[in-house]
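Okay, structure first, notes after.
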Amino acid sequence: MPLPSDQAAVATGQKLLDTIKGIFGPHPGFRPVHAKGVLLQGTFSPTAEAATLSTAPHFHRQSTPVFARFSSFTGLPEIPDNDPHANPRGFALRFMLEESPRRVHTDIVTHSTPFFPAKDGKDAVGFFSSLKDGTVADFVASHPAAKAFVEAPKPAPVSFATEKFYGVNAFKLVNKDGDETFIRYRIVPRAGEAHVDDAELKTLGVNYAFDSVPELLEKGPIEFDIVVQVAEPSDVTDDCTIQWPEDRKLVTLGTISLDSVTPGNPAEQKKIIFDPVPRVEGIEPSADPLIDIRAAIYLTSGKERRAA
Numbered sequence: 023m024p025l026p027s028d029q030a031a032v033a034t035g036q037k038l039l040d041t042i043k044g045i046f047g048p049h050p051g052f053r054p055v056h057a058k059g060v061l062l063q064g065t066f067s068p069t070a071e072a073a074t075l076s077t078a079p080h081f082h083r084q085s086t087p088v089f090a091r092f093s094s095f096t097g098l099p100e101i102p103d104n105d106p107h108a109n110p111r112g113f114a115l116r117f118m119l120e121e122s123p124r125r126v127h128t129d130i131v132t133h134s135t136p137f138f139p140a141k142d143g144k145d146a147v148g149f150f151s152s153l154k155d156g157t158v159a160d161f162v163a164s165h166p167a168a169k170a171f172v173e174a175p176k177p178a179p180v181s182f183a184t185e186k187f188y189g190v191n192a193f194k195l196v197n198k199d200g201d202e203t204f205i206r207y208r209i210v211p212r213a214g215e216a217h218v219d220d221a222e223l224k225t226l227g228v229n230y231a232f233d234s235v236p237e238l239l240e241k242g243p244i245e246f247d248i249v250v251q252v253a254e255p256s257d258v259t260d261d262c263t264i265q266w267p268e269d270r271k272l273v274t275l276g277t278i279s280l281d282s283v284t285p286g287n288p289a290e291q292k293k294i295i296f297d298p299v300p301r302v303e304g305i306e307p308s309a310d311p312l313i314d315i316r317a318a319i320y321l322t323s324g325k326e327r328r329a330a
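Take the sequence shown: its position 205, counting from 1, is numbered 227 in this note's numbering, and each next residue is one higher.
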């Protein structure tokens with residue numbers, strides 16, 4: 023995973039990383055946000071329609087091994103699961119495309135709200151700086167995207183298996199004929215969405231969501247569908263804060279089946295660095311400027327985490 027060639031994006035990513043550390047404090051060996059997590063493994067099985075939209079290899083195989091990481095928000099590794107600030111939850115997915123002679127993979131990174139507080143690096147730094155400085159109310163008042171993100175409902179899930187996750191940025195699928203389709207990802211639980219209200223949340227244990235993962239796996243795989251919302255020509259694809267209308271076409275690309283917790287979990291979580299840039303044939307980033315900034319912060323923080 024190389025750093026973006028855009029040095030401005032790299033510099034902004036570093037500034038954003040430093041700002042976030044100023045909010046949650048340094049926690050060597052952990053992610054700056056979504057620090058608390060668990061890594062699982064399983065398989066992805068595509069639908070026939072996936073192959074018509076993209077030449078990506080995992081859409082043309084019967085199944086592909088995957089790793090998936092559930093996480094809670096904030097950079098606090100011990101944040102209680104019943105703390106409202108643990109939302110939005112995160113779901114990152116890695117498709118293992120080739121093991122030898124070199125490791126080839128592609129990732130999807132999502133969280134449990136369709137909103138994001140910033141359209142570019144400047145606004146992202148501004149938003150997190152306002153959290154750090156205690157001026158977030160002023161920032162939100164003058165930035166509609168941040169206001170929408172802050173005010174959007176973020177209920178706690180009954181379990182990670184009943185949460186729906188959304189990709190932040192738009193991507194472009196390219197098929198064998200060169201046809202291009204702009205999409206945003208959604209990870210939809212096959213068990214159905216289910217959440218708890220604030221009163222019930224207070225009665226749950228501090229690790230209820232993570233403790234339930236092995237209990238769920240004893241009953242069978244945790245399953246999700248990968249669904250894409252398809253853009254129409256008039257839809258904005260380079261600004262993640264602009265939502266597409268809900269009447270846009272939805273296409274199911276396949277099913278994720280997670281069947282076990284990855285052995286050596288703490289070490290493996292420390293090692294894996296998810297990449298917002300697809301870096302695979304048949305899937306390309308949109309012109310959204312946040313993609314390179316996210317890639318920069320993920321790689322820089324990942325290297326620091328591995329060295330800790």
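Even glycine gets a Cβ: it sits at the ideal position worked out from N, Cα and C.
Best match in the options for proximity to residue i [C-alpha to C-alpha]
i: ASN197; options: LYS271, GLU173, SER234, THR77; result: THR77
i: PRO211; options: PHE113, GLY143, PHE138; result: PHE113
i: THR84; options: ALA108, LEU119, ILE101, PRO99; result: In the sequence as displayed, the identity of residue 84 is Gln instead of Thr. Looking at the Cα atoms, LEU119 is the closest of the given residues.
i: PRO285; options: SER308, LEU62, GLU222; result: LEU62
i: TYR188; options: HIS165, VAL158, GLN265, ALA213; result: GLN265
i: VAL228; options: LYS43, GLU100, ASP314; result: GLU100
i: LEU275; options: LYS43, LEU75, ARG53, LYS58; result: LEU75
i: ASN104; options: ASP160, VAL218, ILE294, ARG270; result: VAL218
i: HIS133; options: ALA330, ILE209, VAL299; result: ILE209
i: ILE313; options: ALA213, ASP261, LYS293; result: ASP261
i: PRO298; options: ALA330, LYS292, SER308, LYS271; result: SER308
i: LEU223; options: PRO102, LYS241, GLN36; result: PRO102
i: ALA213; options: TYR230, ARG270, LYS241; result: LYS241
Cβ neighbour criterion (16 or more within 10 Å) applied to residue i
i: GLU215; result: exposed
i: PRO110; result: buried
i: ALA72; result: buried
i: ARG125; result: exposed
i: ASN191; result: buried
i: HIS107; result: exposed
i: ALA168; result: buried
i: GLY97; result: buried
i: ASP310; result: buried
i: LYS331; result: Missing from the structure shown is residue 331; the chain here goes from 23 to 330 and no further.
i: ARG53; result: buried
C-beta atoms of residue i and residue j nearer than 8 Å
i: ILE278; j: GLU245; result: yes
i: ARG331; j: PHE92; result: Nothing can be reported for residue 331: it is not among the residues displayed for the chain, which extend from 23 to 330.
i: THR263; j: SER151; result: no
i: PHE66; j: HIS82; result: no
i: ALA332; j: PHE204; result: Outside the displayed span of the chain (23 to 330) sits residue 332, for which this structure offers no information.
i: PHE149; j: PRO136; result: no
i: VAL60; j: PHE193; result: no
i: LEU239; j: ASP281; result: yes
i: VAL147; j: THR34; result: yes
i: ILE248; j: LEU153; result: no
i: HIS56; j: PHE95; result: yes
i: TYR207; j: VAL250; result: yes
i: ARG301; j: THR128; result: yes
i: VAL283; j: PRO236; result: yes
DSSP-derived helix/strand/coil call for residue i
i: HIS133; result: strand
i: VAL55; result: coil
i: GLY189; result: strand
i: PRO236; result: helix
i: HIS165; result: coil
i: ALA70; result: helix
i: ARG124; result: coil
i: LEU75; result: helix
i: HIS397; result: With the chain covering only 23 through 330, there is no way to say anything about residue 397.
i: GLN63; result: strand
i: SER256; result: coil
i: HIS82; result: coil
Rounded straight-line distance, which links the Cα of residue j to that of residue i
i: GLU173; j: ASN287; result: 34 Å
i: THR259; j: ILE305; result: 14 Å
i: LEU38; j: GLY324; result: 14 Å
i: SER234; j: THR69; result: 29 Å
i: PRO243; j: ALA183; result: 10 Å
i: ALA317; j: GLY143; result: 12 Å
i: PRO177; j: ASP28; result: 37 Å
i: LEU195; j: PHE296; result: 20 Å
i: ASP257; j: THR225; result: 43 Å
i: SER164; j: THR157; result: 12 Å
i: GLU121; j: PRO179; result: 35 Å
i: ALA31; j: LYS186; result: 30 Å
i: PRO175; j: LYS141; result: 20 Å
i: LYS58; j: ILE319; result: 18 Å
i: GLU290; j: GLY64; result: 15 Å
i: GLY51; j: SER181; result: 26 Å
i: ASP220; j: ILE294; result: 33 Å
i: TYR230; j: GLY47; result: 24 Å
i: ARG328; j: THR322; result: 10 Å
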